[in-house]
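Numbering (the UniProt record's numbering), first residue to last: 1 to 287.
Reading through the structure tokens given below for one structure.
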């Protein structure tokens, strides 16, 4: 198991962690000042500054990516919506390639319209079929440009509106179906917030192996959790056995970065510099 205590070379910052405090260009500069060598930016944050501007800034600062957020949201109520979702995913692949990301993270979607409180249908089996078909089509394009796709299973509490793939086992079943040769072009993003509870987690991490483990996201699960989306904990403040999970990831062959991703009204209300400094300290001590 790698020793993180001496430095933060293996730390990446998912830029959602300080999205309320700073624009993406400022986040990059603040990371560079602290020796954080990688980030995982979100598409809306990139668009707000400009794709070419961000690509140039990353080159100038020497900061790389641990992933790009996000593709997915494949289900739709009709053929036109399915086609639009696929086209948007192709654009996301192109953006990830421009930024030299190691993978595009997929939050696959579920019942279309549910996020707005008006689901177009309630057949989750249909949504899962549309997700499978959407990933298959996106993968064909991603292969052509050399951009791996990482399916991120989300906690079952978000099964209706954000992702109908809710376990690592389900995500890996799709990987095996759509990429049986384990080409390295389709894998998973393991986010501890979403999978820490799963009794099959360690078994499925071992099943995934090096060629499927494309990204690793860390935060903590607070007890009690006050909000299903925006109450993630800073590492060490909750109940997740972070070192145990990382030990399993690395034993299975994962050698990538540990990406801090915290959606939290609490941490968003604090000065951005304090948040980054705390991320560094906790990364060294508890991740």
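Just so you know, even glycine gets a beta-carbon here, dropped at the ideal spot from N, CA and C.
Only a predicted model underlies this, so the values are computations on that prediction, with no experimental measurement involved.
I'd like the span of the alpha helix (DSSP H) that includes residue i, first residue to last.
i           : result
residue 187 : Taken as a continuous stretch (DSSP letters only), residue 187 belongs to no alpha helix (DSSP H), being part of the beta strand (DSSP E) at 186-191.
residue 28  : 24-33
residue 115 : Neither: residue 115 is in no alpha helix (DSSP H) and is coded neither H nor E.
residue 250 : 242-251
residue 13  : Careful: residue 13 lies outside any alpha helix (DSSP H), inside the beta strand (DSSP E) at 11-14.
residue 205 : 201-208
Leaving aside the five residues before and after residue i along the sequence, list all residues of the same chain whose C-beta is less than 6 Å from its C-beta, in chain order.
i           : result
residue 257 : 10, 12, 38 and 66
residue 120 : 77, 112 and 113
residue 275 : 18 and 267
residue 5   : 284
residue 238 : 220, 221 and 222
residue 82  : 76
Taking the alpha-carbon of residue i as reference, which of the options has the nearest alpha-carbon?
i           : options               : result
residue 179 : 130, 167, 158 and 143 : 143
residue 287 : 252, 233 and 21       : 233
residue 53  : 71, 95 and 75         : 95
residue 213 : 225, 251, 58 and 3    : 251
residue 20  : 156, 44, 79 and 2     : 44
residue 156 : 81, 138 and 124       : 124
residue 64  : 105, 36 and 1         : 36
residue 211 : 236, 175 and 158      : 175
residue 122 : 103, 140, 90 and 160  : 160
residue 70  : 29, 181, 260 and 151  : 151
residue 100 : 136, 118 and 59       : 59
residue 217 : 7, 87, 3 and 105      : 105
residue 89  : 280, 136, 249 and 34  : 136
Please return the same chain residues whose Cβ sits closer than 7 Å to the Cβ of residue i, not counting the five positions on each side in sequence.
i           : result
residue 133 : none
residue 263 : 16, 229, 230 and 232
residue 23  : 48 and 49
residue 85  : 73, 74, 76 and 134
residue 278 : 234
residue 240 : 192, 196, 220 and 221
residue 184 : 148 and 211
residue 32  : 61 and 63
Output needed for residue i: all residues of its chain with C-beta closer than 8 Å, excluding positions within five of it in sequence on either side, in chain order.
i           : result
residue 162 : 107, 109, 110, 115 and 154
residue 168 : 153, 188, 190, 195, 198, 200, 201, 204, 205 and 208
residue 226 : none
residue 25  : 49, 53, 54 and 57
residue 128 : 164 and 165
residue 145 : 93, 94 and 97
Can you tell me where the beta strand (DSSP E) with residue i in it begins and where it stops?
i           : result
residue 93  : That residue, residue 93, is in no beta strand (DSSP E); its alpha helix (DSSP H) goes 79-98.
residue 269 : It is not in any beta strand (DSSP E) - residue 269 carries neither H nor E in the DSSP assignment.
residue 215 : 213-218
residue 288 : Here the chain comprises residues numbered 1 to 287, so residue 288 is not present and cannot be evaluated.
residue 260 : 258-260
Is it right to say residue i is buried, meaning 16 or more other beta carbons lie within 10 angstroms of its own, or is it exposed?
i           : result
residue 271 : exposed
residue 1   : exposed
residue 220 : buried
residue 255 : exposed
residue 130 : buried
residue 40  : buried
residue 293 : Only positions 1 to 287 of the chain appear in the structure, and residue 293 is not among them; the question remains open.
residue 261 : buried
residue 91  : exposed
residue 282 : buried
residue 246 : buried
residue 224 : exposed
residue 140 : exposed
residue 265 : exposed
residue 177 : exposed
residue 87  : exposed
Quick check: is the beta carbon of residue i nearer than 8 Å to any beta carbon in chain D?
i           : result
residue 175 : Structure shown: chain D not included; a single protein chain is present.
Exercise. Could you pull out every unbroken beta strand (DSSP E) segment of at least 3 residues lying fully inside the region 133-193, listed in chain order?
Key: Complete beta strand (DSSP E) runs here, min 3: 149-151 and 186-191.
Self-check item: Complete runs of the alpha helix (DSSP H) confined to the region 38-76 [at least 4 residues]
Solution: The qualifying runs are 43-49 and 51-61.
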